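Numbering (this note's numbering), first residue to last: 69 to 286.
Okay, here's the thing in C-alpha cells:
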C-alpha cells in the first residue's frame with residue numbers, strides 16, 4: 069500500500085489504489101470514514117474550511133496539485149477505473165439528459181403495460197395497431213441501417229411480431245415491446261442466415277412457411 073501526500077494538506081494521506089483517505093491524528097494515521105466515495109466532506113486547509121471529495125483528493129495526490137488550486141466548478145469523478153475531470157455544468161447537463169431519458173422510458177413502459185392490460189381484457193386493437201407501427205419501423209431499420217433487402221426484412225420482422233404475440237398469449241411477454249420484437253427479429257435474421265448458408269430451399273421454407281422465395285435474393 070502506497071500512501072501519497074496531498075500538497076497543502078499535510079495531515080492527510082491517500083491510498084489511491086484502494087480509494088482510502090487517512091488523517092494523521094496524535095501521531096497515527098486513521099482512516100477517514102465515508103458513507104460513499106461520492107460523498108463530500110470538509111477539511112481544514114491553512115486555517116479555513118474547504119469542501120472536497122475522495123476523487124478530488126486522489127487527483128491532487130497523484131498529480132501533486134494543491135487542493136485549493138482546483139476551481140469549485142470542476143468536477144472529478146471515476147469512470148472505467150480512471151479519474152475524469154469535467155466542468156460541473158457539463159455534468160449537470162448530462163444528468164438532466166439522463167433524467168429525461170429515464171422519464172421517457174418510464175412513460176413508454178407505462179403505456180406498454182396499458183396496452184398489454186387492455187389486450188388481456190379483450191381489447192386487442194390498440195396492441196395490434198402499436199405492433200403494426202413497430203413492424204414498419206423495424207423493417208425500415210433492417211433495410212436502411214442493416215442493408216437487408218425489404219423482402220427478407222419483412223419476413224423476419226413479421227415473424228418476430230408473431231412470436232411476440234405468441235409470448236403475449238402465454239403470459240410471458242416483455243413490457244418493453246419494441247425492444248423485445250427487435251431482439252426476436254435479430255434472432256430470426258440469424259436463423260435465416262443459417263438457412264441461406266445451408267443453401268437448401270426446403271429448410272428455408274420449413275422455417276418461414278413462405279411461398280418459394282428465391283434464396284439468392286435474400
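By construction, the Cβ of each residue, glycine as well, lies at the ideal position given by its N, Cα and C atoms.
Note that the coordinates shown come from a computational prediction; the quantities given were computed from them, not determined experimentally.
7 Å Cβ shell around residue 118 - same chain, five flanking residues per side excluded = 110, 111, 135, 136
*Could you say which of 126, 204, 79, 88 lies nearest to residue 96 if we only look at CA atoms?*
Here the closest residue by C-alpha is 79.
message = I need the straight-line Cα distance from residue 263 to residue 257, nearest angstrom please.
response = 10 Å
Would you list the one or two residues that DSSP bridges to residue 149?
-> DSSP output for residue 149 lists no bridge partner at all.
Report task. Report yes or no: do the stretch 242–249 and the stretch 173–185 share at least 3 C-beta pairs separated by less than 8 Å? Result -> yes
Check your understanding: When you compare only the Cα positions, how much space is there between residue 152 and residue 130?
Key -> 13 Å
Whole-angstrom C-beta distance between residue 81 and residue 93, which should lie under 8 Å: Going by Cβ atoms, the distance from residue 93 to residue 81 rounds to 12 Å, so no, they are not a contact pair.
Using DSSP with H/G/I as helix, E/B as strand and the rest coil, what is residue 217? It is coil, neither helix nor strand.
(Q) With a threshold of 8 Å between beta carbons, is residue 261 in contact with chain D? (A) This model lacks chain D altogether, as it is built from one protein chain only.
Self-check item: Same chain, Cβ closer than 7 Å to residue 187, neighbours up to 5 away in sequence not counted
Solution: 195, 236
- Query: Which whole runs of the alpha helix (DSSP H) in the stretch 177–247 are 4 residues long or more, in chain order?
  - Reply: 193–208, 218–238
When DSSP labels each residue in this structure, what does residue 113 get in the three-state scheme? DSSP places residue 113 in strand when its eight states are reduced to three.
Inset, instruction - Just grab the DSSP bridge partners of residue 120 for me. - result: 109
Proximal residues to residue 162 (C-beta, below 6 Å), its chain only, five neighbours per side dropped = none
_Whether residue 225 touches residue 207 by CB criterion (8 Å)_ = yes
Practice prompt. Alpha carbon to alpha carbon, how far is residue 199 from residue 232? Give it in angstroms, no decimals.
Written response: 9 Å
- Task: Give the secondary structure of residue 99 by DSSP, where H, G and I count as helix, E and B as strand, and everything else as coil.
- Result: strand
Q) In whole angstroms, what separates the C-alpha of residue 219 from that of residue 252? A) 17 Å
**Prompt:** Looking at C-alpha atoms only, which residue of 165, 167, 147, 143 is the closest neighbour of residue 156?
**Reply:** 143
Quiz item: Do residue 107 and residue 100 come within 8 Å of each other at the CB atom, strictly closer than that value?
Solution: no
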